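Take a look at the structure below.
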Amino acid sequence: MPVVATDTVDLTWSRCAGQLSTRTKAHTARAEVEFVVAVIDLAEVLPASGRYTPGAMTLFDTARPAQLMIESPRTMLILRANREAVAEKSRHGRDLFGAATVEVPASAAAVITGFLASIVELTVREPRNAQTLAEHTPGLLAAAIDIATGHDRPASGRDTDLQRELTAFLHANYHNPDLTVDDVAAALLVSRRTLFRIVGSDGVAGRLRRLRIDHARRALRRYPDRPITLIAAQAGFRDERTLYRTFRREEAMTPAEFRAYATTHENHPGLQACGS
């Protein structure tokens, strides 16, 4: 059970036996809520203080298939945060770190581990304050992502504002299949060059593609009788064929296969914390 739990995060301190946890495409197909999960291996106890020193810190994006291997019994600190809450604070937006997992550098991992361990300790004396601090950990994970992916230099104030405006504009307009890079640049009152600089490695097309795929996933899961042609149009795809081709490339299954998983299985357990 989590030692700290809020609407967007839960923090668990557990002793884990050796095990392999696997998250497949089928799991992501059945998920209504996705998470960023930080798994920290607490390597050893310091005799003088009884505190643990941090070992490896790995971040998992549960929107992508992944495996977690624990080769022998370990003490683990596990933080699970709502993916949308983390994405709102990350410079990468919904793309996060662009992979299933990423390793956080040891120096940053040590600072983060110390903060999280202090929250766990605070629950004994001041549980309400511990919960208040825990509510801010999505921002901590967003910073860890930016550091781990080599984007730890602060953006300028103007760039930060533009990134927020870009995210808001794309979320409001991705349903339009005719939306172009020039349209986005004009809406933000910037040049194409500035837009390409702030949008990140995936580009405008990649951001739009991910938003449209996410919309289609939600609709396929929630509306089992809605025609796929209609879902394609509402998600911003030009036609059903474009949805089919893009969905299969991104999700390794067709929209119909995804819908079959989503409607015949209960919600997945996700990357769960180990039993304490």
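If you want the working numbering, it's the position in the sequence shown, counting the first as 1, plus 762. Cβ coordinates follow ideal geometry from the N, Cα and C atoms, glycine included. Just so we're clear, the structure is a prediction, and the values are computed from it rather than from any experiment.
Item to check | Whole-angstrom distance between VAL798 and THR1025, CA atom to CA atom | outcome: Against the sequence shown, residue 1025 aligns to sequence position 263. Against the sequence shown, residue 798 aligns to sequence position 36. Cα to Cα, the separation comes out at about 24 Å.
Checklist entry - Distance, Cα to Cα, LEU982 vs GLU883? => result If you number the sequence shown from 1, residue 982 lands on position 220. If you number the sequence shown from 1, residue 883 lands on position 121. Straight-line Cα distance between these residues: approximately 43 Å.
Next on the checklist: Am I right that THR1008 and ARG971 are in contact with their C-beta atoms under 8 Å? What's the rounded C-beta distance?
Outcome noted: The residue labelled residue 1008 in the question sits at position 246 within the sequence shown. The residue labelled residue 971 in the question sits at position 209 within the sequence shown. About 6 Å; that satisfies the 8 Å criterion.
Checklist entry - Would VAL706 pass as a contact of ILE874 if the rule is Cβ separation under 9 Å? => result The chain is shown from 763 up to 1038; residue 706 falls before or after that span and cannot be answered.
Next on the checklist: Beta-carbon within less than 7 Å of LEU950's beta-carbon, same chain only, minus the 5 sequence neighbours each way: which residues are those?
Outcome noted: On the sequence shown, residue 950 is found 188 positions in, with the first residue counted as 1. Closer than 7 Å at the Cβ level, and outside the excluded window around LEU950, lie LEU924, GLU927, LEU928, PHE931 and LEU957.
Next on the checklist: Can you list, in chain order, the residues of its chain with a C-beta nearer than 7 Å to that of GLY901? Leave out the 5 residues immediately preceding and following it.
Outcome noted: Mapped onto the sequence shown, residue 901 falls at position 139. The answer, listed in chain order, is LYS851.
Next on the checklist: Against chain C, does GLN996 count as a neighbour if the rule is that its beta carbon must be under 9 Å from one of theirs?
Outcome noted: Among the chains in the structure shown there is no chain C, since it carries only a single protein chain.
Checklist entry - For PHE999, which of helix, strand or coil comes out of DSSP? => result On the sequence shown, position 237 is the one that residue 999 refers to. PHE999: coil per DSSP, three-state reduction.
Item to check | GLU846 - containing beta strand (DSSP E), residue span | outcome: Residue numbering aside, residue 846 sits at position 84 when the sequence shown is read from its first letter. Where GLU846 is concerned, there is no enclosing beta strand (DSSP E), although the alpha helix (DSSP H) it sits in stretches over 845-851.
Next on the checklist: Looking at ALA870: is its Cβ nearer than 9 Å to the Cβ of ALA843?
Outcome noted: By one-based count along the sequence shown, residue 870 stands at place 108. By one-based count along the sequence shown, residue 843 stands at place 81. Against a cut-off of 9 Å, the Cβ pair of ALA843 and ALA870 comes out as no contact.
Checklist entry - Does DSSP put ASP987 in a helix, in a strand, or in coil? => result On the sequence shown, position 225 is the one that residue 987 refers to. Of the three classes helix, strand and coil, the one that applies to ASP987 here is coil, per DSSP.
Checklist entry - Cα-Cα, which of ASP944, ALA947, ARG969 and ASP908 is closest to ARG853? => result Walking along the sequence shown from the start, residue 853 turns up at place 91. Minimum Cα distance to ARG853 is reached at ASP908.
Checklist entry - Since THR885 contacts ALA879 with CB under 8 Å, what's their CB separation in whole angstroms? => result Numbered from 1 along the sequence shown, position 123 holds the residue referred to as residue 885. Numbered from 1 along the sequence shown, position 117 holds the residue referred to as residue 879. Contact flag wrong, Cβ pair sits at about 11 Å.
Checklist entry - Would you report the Cα separation of THR774 and TYR1023, rounded to the nearest angstrom? => result For the purposes of this step, residue 774 is identified with residue 12 of the sequence shown, where counting begins at 1. For the purposes of this step, residue 1023 is identified with residue 261 of the sequence shown, where counting begins at 1. One C-alpha to the other measures close to 30 Å.
Checklist entry - With DSSP run on the structure shown, which of helix, strand or coil describes LEU951? => result Walking along the sequence shown from the start, residue 951 turns up at place 189. Residue state, collapsed to three classes: coil.
Item to check | Nearest candidate by alpha-carbon position, reference ALA1018, set GLY998, ALA825, ARG1000 and ARG979 | outcome: Mapped onto the sequence shown, residue 1018 falls at position 256. Taking only the C-alpha atoms, the option nearest ALA1018 is ARG979.
Checklist entry - Since THR820 contacts GLU796 with CB under 8 Å, what's their CB separation in whole angstroms? => result The residue labelled residue 820 in the question sits at position 58 within the sequence shown. The residue labelled residue 796 in the question sits at position 34 within the sequence shown. Rounded, the Cβ-Cβ distance is 17 Å, inconsistent with contact.
Checklist entry - Shortest alpha-carbon distance to ALA872 belongs to which of GLU1013, VAL961 and ALA818? => result Within the sequence shown, residue 872 is the residue found at index 110, counting from 1. For ALA872, the nearest C-alpha among the options comes from ALA818.
Checklist entry - First and last residue of the alpha helix (DSSP H) that includes GLU883? => result Residue numbering aside, residue 883 sits at position 121 when the sequence shown is read from its first letter. Its alpha helix (DSSP H) spans residues 868-887.
Checklist entry - Exposed or buried, what is THR894 when buried is set at 16 or more other beta-carbons lying within 10 Å of its beta-carbon? => result Residue numbering aside, residue 894 sits at position 132 when the sequence shown is read from its first letter. The residue in question, THR894, is exposed, as its Cβ has fewer than 16 Cβ neighbours within 10 Å.
Next on the checklist: Taking 9 Å as the threshold (C-beta atoms), are HIS933 and ALA997 in contact?
Outcome noted: Taking the sequence shown and counting its residues from 1, the one referred to as residue 997 is at position 235. Taking the sequence shown and counting its residues from 1, the one referred to as residue 933 is at position 171. No; because the gap between Cβ atoms is not below 9 Å, this pair is not in contact.
Next on the checklist: For the beta strand (DSSP E) containing THR863, name the first residue and the last one.
Outcome noted: By 1-based counting over the sequence shown, the position of residue 863 is 101. It spans 863-865 - the beta strand (DSSP E) in which THR863 sits, taken as one unbroken run.
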